[in-house]
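Residue numbers (UniProt numbering): 1 to 319. In what follows, a single structure is set out as structure tokens and then discussed.
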């Protein structure tokens, strides 16, 4: 099954309506989920609050805000993400991230930013605490677990420091890679680490994250793009070309079984997302490679993931 997701970031925009419109556009194409980035290092609206506003204006698409663990108590993080899961009726995710800059550390009274390895260890612990707190409630009671049991956890595993956390706790790992062989290698490494952690490696979805610039409309992809693969840039691998060639790239990488899908980050949000949905996704649907409707209602169902068992549930036994 091919999975597709998109970012709806609008740097500097505080207009909630614009985020609603982008999420609705992505939903019209049947995408699994949208992400909204967040950071203490730049001005902008709170991603979790924005997607809480988007939730009642959408019906099926998953909603995944970035929430950093470095300067936020796990108790507050898990409660906020669980609230989004309730508000969206089981469509919430949590993109786990860390805050690495000195400026962010000073905002919260830390003299110096901790090394990335230490920050990801904190993130590891926060993910574990969140799962335990979600399971501190009982299904079927007045205070039940979130609709999905555990909202979907997403980690950008491009940086090697983040991969242990992704392998142990992520339902979805994002990797910014520019060629199929690299995508296959990273997915294999993540799945091996997941198995070493006692997880079923098949329950980890690994998506290639690409910047996409569809400003060239239906023109052929530039040399180094399209069929030749995305071009590495300082911001990550970039595809620049038309929606048809992007569909060819996605179909080819998926057919080669090097990735479970793609997380696409539009360079120009409205223009590129519209061309992505009406061009690339429509072509993939026509070929039978991507869904034309949502068969389920929760983000876990979109991703083909089971609802986690309650880790504290009492199982019956024989006397």
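We put the CB at the ideal spot given by N, CA and C, even for glycine.
Which same chain residues end up closer than 7 Å to residue 69 when comparing Cβ atoms and leaving out the 5 residues on each side of it in sequence?
Locating residue 69 in the chain shown gives position 69, where the first residue counts as 1. These residues qualify, in order along the chain: 77, 96, 98, 122, 123, 126.
Residue 96 - containing beta strand (DSSP E), residue span
One-based indexing of the chain shown puts residue 96 at position 96. Residues 93 to 97.
Check whether the region 170 to 183 and the region 232 to 242 are in contact - that is, three or more C-beta pairs closer than 8 Å.
Result yes; three or more Cβ-Cβ pairs closer than 8 Å.
Pick out whichever of 263, 140, 62 has its Cα sitting closest to the Cα of residue 157.
Position 157 of the chain shown, counted from the first residue, corresponds to residue 157. Looking at the Cα atoms, 263 is the closest of the given residues.
Please list, in chain order, all residues of the same chain as residue 54 whose beta carbon is under 7 Å from its beta carbon, the five residues on each side excluded.
Taking the first residue of the chain shown as 1, we reach residue 54 at position 54. Excluding sequence positions up to five before and after residue 54, its CB lies within less than 7 Å of the CB of 19, 20, 23, 63, all in the same chain and listed in chain order.
List, from N- to C-terminal side, the beta strand (DSSP E) runs of 3 residues or more that fit wholly inside the region 43 to 93.
62 to 68
In whole angstroms, give me the CA-to-CA distance for residue 252 and residue 289.
Numbered from its first residue, the chain shown carries residue 252 at position 252. Numbered from its first residue, the chain shown carries residue 289 at position 289. The straight-line gap from Cα to Cα measures roughly 11 Å.
In chain order, what residues of the same chain lie with their CB nearer than 8 Å to the CB of residue 305, ignoring the 5 residues before and after it?
Against the chain shown, residue 305 aligns to sequence position 305. Excluding residues up to 5 positions away in sequence, 152, 171, 203, 205 lie with their Cβ nearer than 8 Å to the Cβ of residue 305 in the same chain.
Run through the DSSP bridge pairs and tell me what residue 262 is partnered with.
Here residue 262 corresponds to residue number 262 of the chain shown, with the count starting at 1. 4, 208, per the DSSP bridge assignment.
Residue 147: which of 84, 311, 114, 213 sits nearest, CA to CA?
If you number the chain shown from 1, residue 147 lands on position 147. With distances taken between Cα atoms, residue 147 lies closest to 84.
Straight-line Cα distance separating residue 247 from residue 143:
Position 143 of the chain shown, counted from the start, is the residue given in the question as residue 143. Position 247 of the chain shown, counted from the start, is the residue given in the question as residue 247. Approximately 44 Å, taken between the alpha carbons.
Residues near residue 187 in its chain [Cβ-Cβ closer than 6 Å; skip 5 each side]:
Counted from its first residue, the chain shown places residue 187 at position 187. Closer than 6 Å at Cβ, skipping near neighbours: 206.
Output the distance between the C-alpha atoms of residue 38 and residue 46, rounded to the nearest integer angstrom.
Stepping through the chain shown from its first residue, residue 38 is reached at position 38. Stepping through the chain shown from its first residue, residue 46 is reached at position 46. Roughly 7 Å between the two C-alpha positions.
For a quick check, are the C-beta atoms of residue 36 and residue 8 less than 8 Å apart?
Residue mapping note: residue 36 aligns to position 36 of the chain shown, counting from 1. Residue mapping note: residue 8 aligns to position 8 of the chain shown, counting from 1. Their beta carbons are under 8 Å apart, which means residue 36 touches residue 8 by this criterion.
Looking at the structure shown, is residue 126 part of a helix, part of a strand, or coil, going by DSSP?
Indexing the chain shown from 1 puts residue 126 at position 126. The answer is helix: DSSP assigns residue 126 an H, G or I state.
Would you check if the distance between the CB atom of residue 100 and the CB atom of residue 113 is smaller than 8 Å?
Within the chain shown, the letter at position 100 stands for residue 100. Within the chain shown, the letter at position 113 stands for residue 113. Yes.
Going by CA-CA distance only, name the one from 307, 134, 297 that's closest to residue 74.
Translated into the one-based positions of the chain shown, residue 74 becomes position 74. The shortest Cα separation from residue 74 among 307, 134, 297 belongs to 134.
Given residue 194 as reference, the closest of 256, 165, 282 once Cα atoms are compared
By one-based count along the chain shown, residue 194 stands at place 194. For residue 194, the nearest C-alpha among the options comes from 165.
Just curious, the beta strand (DSSP E) that residue 172 is in, first and last residue?
For the purposes of this step, residue 172 is taken as residue 172 along the chain shown, with counting starting at 1. Its beta strand (DSSP E) spans residues 172 to 175.
Does DSSP put residue 186 in a helix, a strand or coil?
Within the chain shown, the letter at position 186 stands for residue 186. Note: residue 186 maps to helix in three-state DSSP.
Check whether the Cβ atoms of residue 3 and residue 260 lie closer than 8 Å to each other.
Taking the first residue of the chain shown as 1, we reach residue 3 at position 3. Taking the first residue of the chain shown as 1, we reach residue 260 at position 260. Yes, these two residues count as a Cβ contact at 8 Å.
Would you mind stating whether residue 265 and residue 209 have Cβ atoms separated by less than 8 Å?
Position 265 of the chain shown, counting from 1, holds the residue named residue 265. Position 209 of the chain shown, counting from 1, holds the residue named residue 209. Cβ atoms of residue 265 and residue 209: closer than 8 Å.
Quick check on the DSSP output: the beta strand (DSSP E) that includes residue 153 runs from which residue to which?
Sequence index remark: in the chain shown, residue 153 carries index 153 (1-based). Looking at the DSSP string, the run of the beta strand (DSSP E) that includes residue 153 is 152 to 156.
How would you label residue 292, buried or exposed, when you count the other beta carbons within 10 angstroms and need 16 or more for buried?
On the chain shown, position 292 is the one that residue 292 refers to. Residue 292 is exposed by the Cβ-count criterion.
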